[in-house]
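Heads up, the thing below is written out as structure tokens.
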Amino acid sequence: MGMAGGAMPSRARLHLVPDLPAESDAPKSLDSGTSARRQLDPLLLRVAKGDDGAFAEVFDVVTPAVFGLAKRVLRQAEHAEEVAQEVLLEVWQQAPRFDPARGSGFAWVMTMAHRRAVDRVRATQAASDREVRDGRRSPARDHDQVAEAVEGRLDAEAVHDCIDALTDIQRESVTLAYFGGFTYPEVAEQLQTPLGTIKTRMRDGLIRLRDCLGVTA
Amino acid sequence: MNQDLHALAAAFVLDALDAGEAAEFEAHLPGCDVCMLDVREMSETAAALALTASHAPPGGLRSVVLANARQLPQERSADEADVVDLTARRERRSAPRWLAGVAAAAVVVAGALGATTYQANQRADEAQIASEQIATVLADPNVIVERAAISGGGDGSFAMSPSSGDAVFLTAGLPDAGADRTYQLWAIDEAGATSVGLLEPDAGSAAQLVEMPDGAAAFGMSVEPAGGSPNPTTDPVLLVELPA
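So the sequence lines, in the order shown, correspond to chains Y and V. The opening position of the first sequence corresponds to residue 66 in the working numbering, with each subsequent residue numbered one higher. The opening position of the second sequence corresponds to residue 109 in the working numbering, with each subsequent residue numbered one higher.
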């Protein structure tokens, strides 16, 4: 759909739910969007002390995103479930290393989740197979709406709007890498675009998303 | 060169670099404030993308994860790790990042197979080394897993990495072997049985590494006099045939 002239979505949508005051010295980031994700950092600090009740709460907050991401990348619920298990147990084990001064807990968890999903898909499925089976990844709004709380859906919609505001090649570059698990040379091949262009589009695509979502470190 | 590396921040955050480039970029990161800021902001941005894929997890996942976490030791914090002696630190640093997680996966699998008290009481470093080796077996995508009941009580699962011959025997609910008796493990081929170790169960459970010789057709366990026997002297209480 390309660039929609002047249709940048409002970044304000991600700050709709200011029901809890953010800690003033905490990094402001996307997770300020919902109270559940905003509470993640203090929960993770409790998990770091071995608090299994806090871990259960962390599980409930992050698992839909962890499992959903793994499912999108791996396309097999069974593999996604295994990856989700590994990620959640890694969260439990690594929680003492989590440092909220270096980024949000949600980003910390999702970074681990994405690495594991991508490692798994690359170990088990050749890129060529994935390409044939899957074609290009459209940013389809196929997330499980039943599973989401209303506030989570608002966030997801805002992210969709920001994805839609990218140029085609920015969107394809970012989503083939993130949801397809492709390396940038593989993305370049699929889009029949020079490597350097893909690197640049990933970069300016993410920067544009960052600005659209109002992410600050 | 630095300019080039800097341009890779987005691909790095999207896990779109190959392993070599990712390592190069990671090595470059600590000295590059701009890169660090980019990675941090882009990581928050990428995490937001995952929100569009949210999906209700399978029903049984929660209880499995919570049960396994309770048995899994946590890492030390960065502060605590600083007082660990140098050798330990070197080992810790040189361990690839996936290892801790794979060890976690091993516990998941061990739990799923029924060895629920897996190493919970061992000293932490011993447990870590063993669990890493066990994890390597269980992480093999070609791992062979066979499960069988043990006559006399309990059941066992045998997981073998076909490429290395390294195997893990997991068991739970095993009755005591009896006074002056031990459970002994065997690799069996056409020529007969070769001892691959004595089982060291803890309260009837074990997750034990076994090195299987090439060409073994089966794995077995029998009750033998304490200290073990050169050859099995009783009928096996467990026998698992391996795929050719």
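Backbone N, C-alpha and C fix where the C-beta goes; we use that ideal spot for every residue, glycine too. The model shown is predicted, which means the values in this text are computed figures rather than measured ones.
Look at Leu278(Y): its C-beta is under 9 Å from a C-beta on chain V. Within chain V, no residue has its CB atom less than 8 Å from the CB of Gln141(Y), the nearest being about 12 Å off.
For Ile234(Y), the enclosing alpha helix (DSSP H) has its first and last residue at Asp233 to Tyr243.
The shortest CA-to-CA distance from Asp123(V) to any of Ser151(V), Ala135(V) and Met144(V) is the one to Ser151(V). Val148(Y) has its alpha-carbon roughly 22 Å from the corresponding atom of Ala275(V).
Straight-line measurement puts the Cα of Phe120(V) at about 16 Å from the Cα of Gln235(Y).
Under the Cβ criterion of 9 Å, Pro249(V) is counted among the residues facing chain Y. Under the 10 Å beta carbon count, Leu145(V) is surrounded by fewer than 16 other beta carbons and is classified as exposed. Taking one beta carbon from each stretch, the stretch 260–273 of chain V and the stretch 306–323 of chain V have 3 or more pairs nearer than 8 Å; the two touch. Among the residues facing chain V, Glu146(Y) is included, as its CB has a counterpart in that chain under 9 Å away. Residues of the stretch 145–171 of chain V with a Cβ closer than 7 Å to any Cβ of chain Y, in chain order: Leu145, Arg148, Glu149, Met150, Ser151, Glu152, Thr153, Ala154, Ala155, Ala156, Leu157, Ala158, Leu159, Thr160, Ala161, Ser162, His163, Ala164, Pro165, Pro166, Leu169 and Arg170. Looking only at Ile228(Y), Thr176(Y) and Arg195(Y), the smallest Cα-Cα distance to Leu134(Y) is reached by Thr176(Y). Under the Cβ distance rule, Gln159(Y) counts among the residues neighbouring chain V, one pair being separated by less than 9 Å.
Within 10 angstroms of the beta-carbon of Thr160(V) lie 16 or more other beta-carbons, which makes it buried. Taking the C-beta atoms as reference points, Thr153(V) is found nearer than 9 Å to Leu274(Y).
Here Val318(V) carries a strand assignment [DSSP, helix/strand/coil].
For Leu169(V), there are no CB contacts under 8 Å within the same chain when 5 residues up- and downstream are skipped. Residue environment for Ala311(V): exposed (fewer than 16 other C-beta atoms within 10 angstroms of its C-beta). In the structure shown, Phe247(Y) falls within a coil segment according to DSSP collapsed to helix, strand and coil.
Contact of Leu180(V) with chain Y by beta-carbon distance below 7 Å involves Leu154, Trp157 and Gln158.
Taking C-alpha positions only, Met329(V) is separated from Leu116(V) by approximately 54 Å. Pairwise C-beta distances place the stretch 163–173 of chain Y in contact with the stretch 102–110 of chain Y, as three or more of them are shorter than 8 Å.
By the beta-carbon neighbour count (other beta carbons within 10 angstroms, threshold 16), Asn250(V) is exposed. In the same chain as Glu254(V), and ignoring 5 residues on each side of it, the C-beta atoms closer than 6 Å to its own belong to Phe266 and Val348, in chain order. Residue state for Gln255(Y) is assigned as helix, using DSSP reduced to three classes.
The Cβ neighbour count for Thr279(V), taken over all protein chains shown within 10 Å, is at least 16; the residue is labelled buried.
Between Asp117(Y) and Arg178(V) the beta-carbon gap is near 6 Å, inside 8 Å, which marks them as a contact.
If you check the CB distance, Ala160(Y) and Gln182(V) come in under 9 Å. Contact annotation for Ser185(V) against chain Y: Ala113, Pro161 and Arg162 [CB-CB distance below 8 Å, chain order].
Per DSSP, reduced to three states, the secondary structure at Leu105(Y) is helical. Ser171(V) sits in a helix when the DSSP states are folded into three classes. When secondary structure is reduced to three states using DSSP, Glu222(Y) falls in the helix class. In the structure shown, the three-state DSSP call for Pro165(Y) is helix.
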